[in-house]
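There are 2 protein chains.
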Amino acid sequence: RCFHFCKLPGRVMGIRLLRFTSVVIIVLLLVAGALTALLPTIKDDKLPNSRREPKTQTQSALDSFTLIMQTYNRTDLLLKLLNHYQAIPHLHKVIVVWNNIGEKTPEEMWNSLGPHPVPVVFKVQTVNRMRNRLQNFPDLETKAILMMDDDTLVSAHDLAFAFSVWQQFPEHIVGFVPRKHISTPSGVYSYGSFELQNPGFGNGDQYSMVLIGAAFFHSGYLEDFQQQPEAVYALIDETQNCDDIAMNFLVAKHTGKPSGVFVKPVDIRNLEKDTNSGYSGMWHRAEHLLQRSYCVNKLVNIYDGMPLKYSNIMISQFGFPNYANHKNKM
Amino acid sequence: RCFHFCKLPGRVMGIRLLRFTSVVIIVLLLVAGALTALLPTIKDDKLPNSRREPKTQTQSALDSFTLIMQTYNRTDLLLKLLNHYQAIPHLHKVIVVWNNIGEKTPEEMWNSLGPHPVPVVFKVQTVNRMRNRLQNFPDLETKAILMMDDDTLVSAHDLAFAFSVWQQFPEHIVGFVPRKHISTPSGVYSYGSFELQNPGFGNGDQYSMVLIGAAFFHSGYLEDFQQQPEAVYALIDETQNCDDIAMNFLVAKHTGKPSGVFVKPVDIRNLEKDTNSGYSGMWHRAEHLLQRSYCVNKLVNIYDGMPLKYSNIMISQFGFPNYANHKNKM
């Protein structure tokens with residue numbers, strides 16, 4: 001019954017050593033316990049799953065973007081575009097805003113055709129509203145959003161470049177479709193295309209908005225959009241239009257600078273004509289442009305001023321697609 | 001002898017009134033004097049002439065630029081270019097750095113052909129050094145500098161636009177001539193032109209320098225240049241080259257970002273061939289490009305690291321010269 005301690009001189013010494021060793025062990029355990037109590041506690045203010053892969057989460061949040069695509073009555077185009085956009089570099093996730101009220105989403109079919117490069121979430125809406133795409137979706141994990149109309153195809157090259165530009169201008173709407181407003185002597189504003197009047201700033205032309213239907217912008221602006229006056233939502237709902245003009249007002253007001261940065265796309269296509277649905281998009285309505293002028297003036301009332309600012313900066317990619325596109329005859 | 005006061009009842013009262021009025025006047029004067037003493041004193045930390053027109057001075061400092069043009073052995077080109085540049089919008093003053101040692105400047109002729117839109121100052125140099133143009137000239141009153149080689153013509157449209165771009169990127173060298181460096185597996189750098197190797201960042205090409213011979217930059221960088229290690233001056237003097245590479249190192253180190261922003265010029269011309277002097281510029285020397293690679297590596301030693309960063313941002317002017325240069329077939 002006595003272990004090797006009994007080999008030591010004297011059984012009494014053996015027992016003393018045993019007690020001593022036990023005490024030492026217990027003391028060590030207590031000290032260890034005390035030390036762990038001194039370790040910094042893990043803060044509990046992130047999502048639970050971020051504890052498992054904190055570094056990847058943070059990296060993804062800054063180095064990737066979420067595509068938000070709202071769709072109505074053009075599911076064939078949507079699916080074609082999803083096959084394209086799902087493979088864009090730096091894409092983190094796709095959020096499809098499903099405005100086909102009462103209709104099943106293609107989620108089943110989507111899953112049956114997996115695996116897919118990134119997760120795609122179908123957000124079923126209860127009312128067919130233009131501003132549904134401007135909700136602050138809890139699925140959003142990235143700082144950057146790429147918002148695309150469901151009939152617009154932009155090449156991966158253009159998107160990769162524009163995303164890198166957005167990273168250098170994160171407080172701006174960085175996108176492919178510039179527009180402008182005009183002030184007139186009467187004080188009434190007009191929403192202009194570029195065949196119309198020059199704002200009068202010298203050479204060339206200016207733009208004061210970048211449309212969000214083909215653009216990158218910061219997810220924080222979706223949060224900000226939830227704080228807009230009711231009149232803004234009423235305006236967008238009344239016209240089923242102008243959510244993009246409202247976003248430009250919001251961003252311009254926030255930054256005090258031109259809301260957008262225009263990146264000239266190399267390959268952008270409108271696939272409207274390719275749809276089988278027969279549905280051809282809101283911008284074909286007769287009143288579309290007049291509505292947008294109307295919206296500009298209403299927003300100036302709501303904002304108590306005109307926050308939009310002009311810019312004439314046009315950004316292209318150095319050496320692409322034409323390797324010598326920066327050359328000059330000197 | 002007695003004025004209308006005598007009409008008042010009693011000569012005695014008239015005298016009292018006179019005294020009273022005098023006392024009141026004197027008291028008022030004293031009060032006025034005391035009030036002026038309470039006025040805020042004009043601070044004496046600006047040039048004397050700024051007291052006369054303080055607002056214009058500050059406005060000019062931010063809204064205009066100083067052209068610095070160094071010249072050697074091409075006075076015919078210099079004068080041709082001065083006639084062009086003297087009328088550029090937002091130009092405040094011209095500083096001609098006269099590297100023709102021992103030769104009279106054309107100042108007399110210049111004055112005899114006045115008046116001129118802006119002041120032109122001829123800074124006579126004692127030694128023909130490439131880095132003479134990088135002195136911190138006391139004549140500088142603006143935040144922005146436009147530095148031009150004495151054989152380069154850039155259109156007023158390009159300059160007006162590039163100046164507006166500089167105002168949005170004041171810590172960068174905003175100019176018309178991009179260049180790049182290449183890292184090689186051996187760790188030795190090379191100064192590249194764009195027909196050479198792609199730095200390997202995906203699509204297209206990159207630049208890591210914007211040459212100062214046709215660029216806007218902040219006058220503060222001339223101050224900073226005076227604080228460079230002696231080895232930098234020795235390198236520039238040894239090669240009579242690379243002052244522009246050194247400036248790009250300085251700016252990149254200072255900002256931690258790409259040193260330059262490239263604005264694609266519409267109309268830039270080299271007038272070298274037009275000179276009667278027969279002098280054709282340093283860059284025709286056989287060793288010119290090899291020297292620049294040498295400079296890159298020396299500067300990396302001096303700076304103990306490579307601060308240059310790549311960019312692929314190319315900026316053009318929206319709607320100019322082609323009114324529809326931003327259009328896309330959608």
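Top to bottom, those sequences are chains B and D.
Here the first sequence stands for residues 1 to 330, where the numbers follow full-length UniProt numbering.
Here the second sequence stands for residues 1 to 330, where the numbers follow full-length UniProt numbering.
The C-beta atom is built at its ideal place from N, Cα and C for all residues, glycine as well.
Remember, predicted model here, so these are calculated numbers, not experimental data.
- For the pair Ser280(B) and Ser190(B), the CB atoms are not nearer than the 8 Å cut-off.
- Unbroken beta strand (DSSP E) runs of no fewer than 3 residues, entirely contained in the stretch 155-198 of chain B, are found at 173-175, 178-183 and 189-192, following chain order.
- Scanning chain D for C-beta atoms nearer than 9 Å to the C-beta of Gly213(B) yields nothing, as the closest lies near 11 Å away.
- Val266(D) and Tyr323(D) have their C-alpha atoms some 13 Å from each other.
- Listed in chain order, the non-local C-beta contacts of Lys298(D) below 7 Å within the same chain comprise Leu235, local neighbours out to five positions each way being set aside.
- In the three-state reduction of the DSSP assignment, Tyr323(B) falls in the coil class, being assigned neither a helical nor a strand state.
- For Met130(B), the closest of Leu140(B), Glu272(B), Val177(B) and Met69(B) by C-alpha to C-alpha distance is Met69(B).
- Residue state for Ile315(D) is assigned as strand, using DSSP reduced to three classes.
- Taking Gln240(B) as reference, the option from Trp283(B), Val23(B), Ser164(B) and Lys327(B) with the minimal CA-CA separation is Trp283(B).
- In the DSSP assignment, Lys93(B) forms a beta bridge with Thr66(B).
- Between the stretch 251-265 of chain B and the stretch 159-174 of chain B, the count of Cβ pairs shorter than 8 Å is three or higher; the stretches touch.
- A distance below 8 Å separates the beta carbons of Glu272(D) and Asp151(D).
- In the DSSP assignment, Val124(D) is bridged to Trp98(D).
- The residue from Leu62(B), Asp244(B), Ala144(B) and His326(B) with its alpha-carbon nearest to that of Val210(B) is Asp244(B).
- Rounded to whole angstroms, Tyr85(D) and Ala156(D) show a C-alpha spacing of 8 Å.
- When Cβ pairs closer than 8 Å are counted between the two stretches, the stretch 179-190 of chain B is seen not to touch the stretch 108-121 of chain B, the count staying below three.
- For the C-beta of Asp150(D), not a single chain B residue is nearer than 7 Å; the gap to the nearest is close to 15 Å.
- Interface residue (Cβ-Cβ distance to chain D less than 8 Å): Gly33(B) is not classified as such.
- At a Cβ-Cβ threshold of 8 Å, Asp304(D) and Gly319(B) do not count as neighbours.
- For the pair of segments examined, the stretch 309-316 of chain D was found not to touch the stretch 213-224 of chain D: the number of CB pairs separated by less than 8 Å stays below three.
- Contact check for Leu82(B) against Val121(B) fails: the beta carbons are separated by 8 Å or more.
- In the DSSP assignment, the residues bridged to Gly260(D) are Ile173(D).
- With a threshold of 8 Å between beta carbons, Phe65(B) makes no contact with chain D.
- DSSP assignment within the stretch 203-266 of chain D yields the following whole beta strand (DSSP E) runs of 3 residues or more, N-terminal first: 214-218 and 260-263.
- Inclusion of Ala144(D) and Pro89(D) in the CB contact set at 8 Å is not warranted, their separation being larger than that value.
- In this structure, Gln226(D) lies near Asn136(D), with their beta-carbon atoms less than 8 Å apart.
- In the three-state DSSP reduction, Asn270(D) falls in the strand class (E or B).
- For His326(D), the closest Cβ of chain B is nearer than 8 Å.
- By the criterion of a C-beta distance shorter than 6 Å, Asn301(D) is surrounded by no residue of its chain, once the five residues flanking it on both sides are discounted.
- For Thr275(B), the three-state secondary structure derived from DSSP is coil.
- In this structure Leu67(B) touches Leu91(B) by the C-beta definition: roughly 6 Å separates them, less than 8 Å.
- Taking a Cβ-Cβ threshold of 8 Å, the residues of chain B close to Val165(D) are Ile313, in chain order.
- Taking a beta-carbon distance threshold of 8 Å, Phe318(D) counts as an interface residue toward chain B.
- In the DSSP assignment, Leu290(D) falls outside any beta strand (DSSP E) and within the unbroken alpha helix (DSSP H) covering His288 to Tyr303.
- For Val96(B), the closest of Asn132(B), Asp63(B) and Phe176(B) by C-alpha to C-alpha distance is Asn132(B).
- Counting along the chain, the unbroken beta strand (DSSP E) around Met147(D) starts and ends at Ala144 to Met148.
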